[in-house]
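Here is the structure we will look at.
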Amino acid sequence: MPMIQLSNIERYYTTGLQKTWVLRQINLNINAGEFVTIMGPSGAGKSTLLNIIGMLDQPNNGEFLFLDEPVFQMKERHRNELHKQYMGFVFQAYHLIDDLTVYENIETPLLYRKIKKNERQSIIAELLDRFNMVAKKDLFPSQLSGGQQQIVGVARAIAAKPKLLLADEPTGNLHSTQGEVIMDLFKQLHAEGMTIIQVTHSEKYATYGSRIIFLEDGFVRNDERIGS
Amino acid sequence: MWVNYLKAAMRNLAKQKLLTLINISGLSIGLACSALFILYALNEFNYDRFHPDVNRIFEVYRNTGKIDDPDRSMDTYLPMPLGPAMKTDLVDVEEMVRMRGAWGDEFIRVDGKVGKMPLNFADPSFFRVFNFPILYGNQQHPLQDHNDLVLTRTTAVRLFGQENAVGRTVEIRNGEEYVPFKVTAIFADIPAQSSIQLDALANYELLSETAAGERYQNHWNRSSFQTFVKLVPGSNLAQDQPRLDAFRQKYYPGEEAERRSRGLWDREGIPVTYGLMPMAQIHTNPEFFNGFASPANPETIWLLIAISLGVLIVACINFTTLAIGRSSGRAREVGIRKIIGSKKRHLMFQFIGESVLLSLASALIAILLVNYLLPAFNELANTNIDFNFNRQLLFFLVIGGLTFITGVLAGIYPAMVLSSFEPLKIVQGKLRFSSGNTFTRSLVVFQFVLSTALICATLIILKQLNYLKSSYPGFNKENVVIVNADGVDTRTIGPRFKQNVLAIKGIEGVSGSELSLGEGTGWSRSGWNDGTEERSAYEYFVDPDFLKVMGIELVTGRNFNPEIAADTINSVVVNEAFLRAFNWTPEEAIGKELKGYYESAERVLPRVIGVVKDFHYRPMSEEVSPQLFHQFPDYLPHKYFIRLPSGDPAPYLTAIGKAWDEVANNIPYNYAFLDENLDRFYQSEARWSKIIGWAGGISIFIACLGLFGLSLLSSMSRRKELGVRKVLGADVFALIYVQIRNYFVLVALGILIAVPITWYIMHGWLQHFANRIQVGPGIFFIGAAGSLLLAFVTVLFNSLKEATHSPIEAIQNQ
Ligand SMILES: Nc1ncnc2c1ncn2[C@@H]1O[C@H](COP(=O)(O)OP(=O)(O)O)[C@@H](O)[C@H]1O
Ligand SMILES: [Mg+2]
Chain A
4 MPMIQLSNIE
14 RYYTTGLQKT
24 WVLRQINLNI
34 NAGEFVTIMG
44 PSGAGKSTLL
54 NIIGMLDQPN
64 NGEFLFLDEP
74 VFQMKERHRN
84 ELHKQYMGFV
94 FQAYHLIDDL
104 TVYENIETPL
114 LYRKIKKNER
124 QSIIAELLDR
134 FNMVAKKDLF
144 PSQLSGGQQQ
154 IVGVARAIAA
164 KPKLLLADEP
174 TGNLHSTQGE
184 VIMDLFKQLH
194 AEGMTIIQVT
204 HSEKYATYGS
214 RIIFLEDGFV
224 RNDERIGS
Chain B
-13 MWVNYLKAAM
-3 RNLAKQKLLT
7 LINISGLSIG
17 LACSALFILY
27 ALNEFNYDRF
37 HPDVNRIFEV
47 YRNTGKIDDP
57 DRSMDTYLPM
67 PLGPAMKTDL
77 VDVEEMVRMR
87 GAWGDEFIRV
97 DGKVGKMPLN
107 FADPSFFRVF
117 NFPILYGNQQ
127 HPLQDHNDLV
137 LTRTTAVRLF
147 GQENAVGRTV
157 EIRNGEEYVP
167 FKVTAIFADI
177 PAQSSIQLDA
187 LANYELLSET
197 AAGERYQNHW
207 NRSSFQTFVK
217 LVPGSNLAQD
227 QPRLDAFRQK
237 YYPGEEAERR
247 SRGLWDREGI
257 PVTYGLMPMA
267 QIHTNPEFFN
277 GFASPANPET
287 IWLLIAISLG
297 VLIVACINFT
307 TLAIGRSSGR
317 AREVGIRKII
327 GSKKRHLMFQ
337 FIGESVLLSL
347 ASALIAILLV
357 NYLLPAFNEL
367 ANTNIDFNFN
377 RQLLFFLVIG
387 GLTFITGVLA
397 GIYPAMVLSS
407 FEPLKIVQGK
417 LRFSSGNTFT
427 RSLVVFQFVL
437 STALICATLI
447 ILKQLNYLKS
457 SYPGFNKENV
467 VIVNADGVDT
477 RTIGPRFKQN
487 VLAIKGIEGV
497 SGSELSLGEG
507 TGWSRSGWND
517 GTEERSAYEY
527 FVDPDFLKVM
537 GIELVTGRNF
547 NPEIAADTIN
557 SVVVNEAFLR
567 AFNWTPEEAI
577 GKELKGYYES
587 AERVLPRVIG
597 VVKDFHYRPM
607 SEEVSPQLFH
617 QFPDYLPHKY
627 FIRLPSGDPA
637 PYLTAIGKAW
647 DEVANNIPYN
657 YAFLDENLDR
667 FYQSEARWSK
677 IIGWAGGISI
687 FIACLGLFGL
697 SLLSSMSRRK
707 ELGVRKVLGA
717 DVFALIYVQI
727 RNYFVLVALG
737 ILIAVPITWY
747 IMHGWLQHFA
757 NRIQVGPGIF
767 FIGAAGSLLL
777 AFVTVLFNSL
787 KEATHSPIEA
797 IQNQ
């Protein structure tokens, strides 16, 4: 059973009298444990697709089954629960909370999931240790480099142990050495069994994954599995 | 979880120091205002509750119905035998106490030194009915003998320099001699929140020994005394009107039939009866003149609270509009929190929590402010509130509640707006923010409606007040000194004093009168019946010089003439209002007799010899009422009106003092200026103008503070736009104009709304005054221009700063 089943997903915006199509007839199945890279020119609809999968946006047509449950027919409460339970997000612009420290940023999703204090501490300690950020735990985002901020972003995204990690151009604002650090992290997470869907413009970073989907003008033009 | 919120909130507040400062100062001033008035209200509503049996104590009042007036009038001056009769006839009455308030100050002598002291009288049961603990002396029977005297602790210290003055003697002047009284007990000072206020208490029985007292003792038609009763527990006498009616009828058996036959009563029930007013309600019952501490009008109290809450709302609005104004700064946080799993509920909680936190901080500052401002407030509101952290538990509960509500109210709208942002749009940077929406703009408008209305109202009150004080009252009130001759035997001393004063070079005239003008108690009123209708007029005992000294004009007839013997027996001079009341023309009036003036027919009826032009001897706010002057022989002057030439009064005052000391052996010289006395009529208007003026000033200050914050935010967010405009060639004026245009519209709209509302309310207020100003556009123009100017200066500050910034910096910073 695939984790994600998209059938005939369509998304358009109406501007004035005109319809601008962003996603056309998308049919995709993604299994648990895959590491999918979405590529395509700017404006192709990559982010839109990722946001629909992340349940942040809704298509105009089509059906989306997540673990065999129809996402857009379920109650909003239920959908929010699924979102909260299964998904982690990493953004191009990091989107850390400026007024919270590194430690507190990572802690926030755990708070929303009502995880007990000592358990929280051990989860965060482990993540900080793993990402080599222990010394920086009390700093604020503005005191970190972009690469470091993104590492915190990844740590925060996976802190609540999501089944699916969604990353929209996570390396887009980073220079190459920093980017590689992030990609190495993703590779490790994938090896540990996490399902990952990322958007990137980099051919090189695409090779870290197990499957590349190529979007153009809202259509899936190509979908290939790669060996690694 | 809340620790996480708290940290984010604190750091956010710390980052926005200026805005936080604006919010906290506004809220703390608003809360301090409300706290003061709530303290005031609690104080006023808590009078007399220190008597443990307060629910069983009642003041007796007489309840008189009139034929053409559905409201019955209440009065508490009751006959002497009433109390004992109630105790005998009504089983529910466990105790009764009759009291007579102090009639001015008595002259006293302690260790040979002459002084003054107000003296009250009460039955010995006083200490059993009320809870006034005795500190020293006879606990059981403090007022046993007729010449026993009980003092408060402070009075004892004042007179004897020590608290325990039990056994000492106070000599109280009675006529020409001093009578010794023995201090038998000292009781604790009376709390400020007591309707009964007194310094010294003598035995009521003593009154029945005096000549007047003997006449009054069993007289059911002479009323000068208050009566309180304490009922047995569980009694329903206060609600049992039939029993009180029956009691009245027992002592006035023919009254109902007589009034009906004379056409003075035609409704069901009996025309005059008694009622029992619960002790705890006396203070806030404005119609209930109790003769001790002046009562408070609950309407006034609520109005003050409403005004102070208005100021608080203005401060709340600052919080709301500023929170919305900087919501773009918080929006990203909201978006991220939502994406990583926050529910809307969490965010609502977080943002409301933030504003509650802020209002809590403000409340702490407010309480410090209250503590600091209380003395000034007491003076402003003429109250006597002390701020005691232990005793004001209720106050702290109310303020705690108010703080919480303030926080929630201020925070709820921003919380709703912020927490409903769509995370995707925020994170993509697609949400556009403006510095406010229609709702927050209307809040700003409301702030200026309220502030401008208060300011215009203040101006109107001030103008009216000034009008009352400066209008010609119908007599010449300038340059008149009133010498107080209370306690002096003016029958013998008066003529000598007048002579001495007239001998001073420059003095233009002296006149003796029973009453002063302009003091709260400076009038007497008598009601009589001229055979058809109840009549009443303010009566003044004066001497023949009064009209001349005061500059009162005679319309027709003549003034009193010392040569004519009848003038001291039955001649009266009346005013024009008196003629109107009797429907007489001035020509008819001369020679008319006042029928029914005396109860018994033996005495010669008063006869009108002259009519004077109406003058305002009562506040100018009232219509002039019927008035009559006489010099009947059983009266004595207690006040001397002396007309000085204009110029420096000091030498005359000294000379008059010397003249006084020559005749009045040992009685201190005591004077006042007539115009200052008259100004006291307008104390309450003067107080209102100050209170509302302060409220208006504070509220416009807070509103401008908010405006400052808003313009700061919007100028910052428009920095790039302004930079671009500048590069395109806009000059400083154009840049300022684009920035302040919007605020100008909001403030102007607020003023436009405020004007008709204020006009309507103040027009109503002015109807209370028989003599009033016309409210023209001028006053509103001044108020509006003031508000607008303040707002303009506030906004200009930020705009100017942004307009003179370097454009390159602004553009590059993006
Ligand atoms: N809220 C919106 N309203 C109108 N058009 C939008 C909106 N969001 C995205 N688009 C359009 O949809 C297209 C796809 O956007 P996006 O998914 O962000 O592309 P990509 O991430 O591949 O660059 C773009 O042409 C964009 O302009
Ligand atoms: Mg994109």
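Those protein sequences? They're chains A and B, same order as listed.
Start counting the first sequence at 4; every next residue gets the next number (our numbering).
Start counting the second sequence at -13; every next residue gets the next number (our numbering).
C-beta atoms are modelled at their ideal positions from N, C-alpha and C, and glycine is treated no differently.
Keeping to the same chain, check which residues put their C-beta closer than 6 Å to that of residue i; ignore five residues upstream and five downstream.
i	result
A:Phe222	Arg27
B:Glu539	Lys599
B:Leu839	The requested residue 839 of chain B is not part of the displayed model; chain B covers only -13 to 800.
A:Trp24	Tyr15 and Gly221
Under 7 Å between the Cβ atoms of residue i and residue j?
i	j	result
B:Ser685	B:Val297	yes
B:Phe546	B:Gly460	no
B:Arg154	B:Val169	yes
A:Gly57	A:Leu218	no
B:Met606	B:Ser457	yes
B:Thr444	B:Gly679	yes
B:Thr259	B:Asn106	no
B:Arg427	B:Leu732	yes
B:Met334	B:Ala401	yes
B:Ile172	B:Leu137	yes
B:Ser801	B:Tyr33	No answer is possible for residue 801 of chain B: the residues shown for chain B start at -13 and end at 800.
A:Asp132	B:Asn(-2)	no
A:Ile158	A:Phe134	For clarity, residue 158 of chain A is Ala in the given sequence; the question names Ile instead. The answer is yes: Cβ separation under 7 Å.
B:Pro548	B:Pro530	yes
B:Leu809	B:Ile303	Examination of residue 809 of chain B is not possible in this model, given that chain B is present from -13 through 800 alone.
Under a CB-based cut-off of 7 Å, is residue i close to chain A?
i	result
B:Gln800	Reliability fails at B:Gln800, whose pLDDT of 37 lies under 50, so the model's placement of it is uncertain and no value is given.
B:Leu344	no
B:Gly327	yes
B:Asn9	no
B:Leu333	no
B:Arg312	no
B:Ala(-6)	yes
So, under 8 Å CB-CB, residue i and residue j are touching, yes? Tell me the CB distance rounded to an integer number of Å.
i	j	result
B:Tyr526	B:Glu500	7 Å
A:Leu52	A:Ile29	7 Å
A:Ser205	A:Thr180	Contact doesn't hold; Cβ gap of about 13 Å is too wide.
B:Thr438	B:Gly764	Rounded, the Cβ-Cβ distance is 15 Å, inconsistent with contact.
B:Glu648	B:Asn486	6 Å
B:Ile94	B:Met85	Not a contact, Cβ separation roughly 20 Å.
B:Ser345	B:Cys19	Between B:Cys19 and B:Ser345 the Cβ distance is about 14 Å, and since that is not below 8 Å, they are no contact.
B:Ile371	B:Leu360	7 Å
A:Leu192	A:Val155	Not quite, the Cβ-Cβ distance comes to about 15 Å (not below 8 Å), so this is no contact.
Quick one: residues in its chain with C-beta nearer than 8 Å to the C-beta of residue i, no 5 flanking neighbours on either side, listed in chain order?
i	result
B:Met72	Val46, Val79, Met82, Thr213, Val215 and Phe233
B:Leu752	Ile446, Gln450, Arg758, Ile759 and Val761
Determine, using beta carbons only, whether residue i comes closer than 7 Å to chain B.
i	result
A:Phe75	no
A:Ile100	yes
A:Asn121	no
A:Tyr115	yes
A:Asn54	yes
Here's a check: name, in chain order, each residue in its chain whose Cβ is nearer than 7 Å to the Cβ of residue i, leaving out the five neighbours to either side.
i	result
A:Glu37	Thr198, Ser213 and Arg214
B:Tyr729	Leu693, Ser697, Ala777 and Val781
A:Leu113	Arg123, Ile126, Ala162 and Ala163
B:Arg860	Within the shown structure, residues of chain B are numbered from -13 to 800, placing residue 860 of chain B beyond reach of any answer.
B:Arg35	Ala266
B:Leu5	Leu308, Arg312 and Gly695
Whose CB is closer than 5 Å to a heavy atom of ligand 3? List the residues in chain order. Ligand 3 is not part of the structure shown, which contains ligand 1 and ligand 2 as its ligands.
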